[in-house]
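S.K.: Mind the numbering: the sequence shown is residues 0 to 112 in numbering that gives the first Met the number 0, read in order.
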Amino acid sequence: MALQGGQVILTDLDPGIYLVTPEGAFELIHAYDEGDYHLADIFDYFELGEVLEEDGAPGIELDAREIKQLGRMAKQYAADHPPEFIAMCRDMVKAAVDFASEEEVVCFYENFT
């Protein structure tokens, strides 16, 4: 179960980045590539999104504008960042296309354990 007592717990799932679908399910959209990168790096490197600081799995939420910007920045700055980080960003953009609308935010959570 990914939710326990209001916390997002992903340790029983495969390592990677999970998108929260509109139905509340956790969908694996990027398999962890054993590199030194994290979801919070999107905020640190590109100043995009809101880091979700609740207990449990680290997360970030992005709105539709930020998701588009993430795609552009991942392409523009690919040579400046680890390839596995750029791959994560691209996978997030690709997955969010089906879920991002102007009014909604898309939440992603990290399980790199």
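Don't be surprised by glycine CBs; every beta carbon is placed ideally from N, CA and C. Here the structure is a predicted model, which means the values were calculated and not measured.
Determine the contact status of Phe107 and His37, defining contact as a CB-CB distance below 9 Å.
M.R.: Taking 9 Å as the Cβ cut-off, Phe107 and His37 do not qualify as a contacting pair.
S.K.: Can you tell me the Cα-Cα spacing of Glu53 and Gly34, whole angstroms?
M.R.: So the two alpha carbons sit approximately 24 Å from each other.
S.K.: Beta-carbon within less than 8 Å of Leu12's beta-carbon, same chain only, minus the 5 sequence neighbours each way: which residues are those?
M.R.: Excluding positions up to five away in sequence, the list reads Ala1, Phe25, Leu27 and Asn110.
S.K.: Apart from the five residues just before and just after Glu83, which ones in its own chain have a Cβ nearer than 6 Å to its Cβ?
M.R.: These residues qualify, in order along the chain: Asp32, Gly34 and Tyr36.
S.K.: Can you give me the start and stop residues for the alpha helix (DSSP H) that Val92 sits inside?
M.R.: Run containing Val92: Pro82 to Ala95, per the alpha helix (DSSP H) assignment.
S.K.: May I ask you to report which of helix, strand or coil DSSP gives Asp62?
M.R.: Three-state result, Asp62: strand.
S.K.: Along the chain, where does the alpha helix (DSSP H) containing Ile41 start, and where does it finish?
M.R.: Segment Ala39 to Phe45, the alpha helix (DSSP H) holding Ile41.
S.K.: Gly23 to Arg89, Cα distance in whole Å?
M.R.: Cα-Cα distance, rounded: 22 Å.
S.K.: Starting from Glu109 and walking both ways along the beta strand (DSSP E), at which residues does that stretch end?
M.R.: From DSSP, the beta strand (DSSP E) with Glu109 extends over Val104 to Asn110.
S.K.: Straight-line CA distance for Ile8 to Phe45?
M.R.: Roughly 26 Å between the two C-alpha positions.
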